[in-house]
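The opening residue of the sequence shown carries number 161 in our numbering; numbering runs sequentially from there.
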Amino acid sequence: MSHLTFTLLMAILISGAEALLGNRSARERIYLAAYVFLACMMSTLAGGWFMRLVHG
Numbered sequence: 161m162s163h164l165t166f167t168l169l170m171a172i173l174i175s176g177a178e179a180l181l182g183n184r185s186a187r188e189r190i191y192l193a194a195y196v197f198l199a200c201m202m203s204t205l206a207g208g209w210f211m212r213l214v215h216g
């Protein structure tokens, strides 16, 4: 499994699990899942750029 596939899979699983926790409406669950997924992707992207800047 490539790094990109694994990262996408983990982001989907984490966002889905986070959205299922708590007492929320369906609309709030979808919003939260999308927010957490995008946050995971943005933090991965930022971390990759940071490592590139540090290591060259």
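C-beta: ideal position from N, C-alpha, C; glycine also.
- Considering only ARG212, ALA199 and ARG184, the residue with the shortest C-alpha distance to THR167 is ALA199.
- In the displayed model, GLY207 falls within a helix according to three-state DSSP.
- Where MET170 is concerned, the enclosing alpha helix (DSSP H) starts and stops at 163-180.
- The beta carbon of ARG187 is closer than 6 Å to none in its chain, skipping five residues each way along the sequence.
- Taken through DSSP and simplified to helix, strand or coil, ARG212 comes out as helix.
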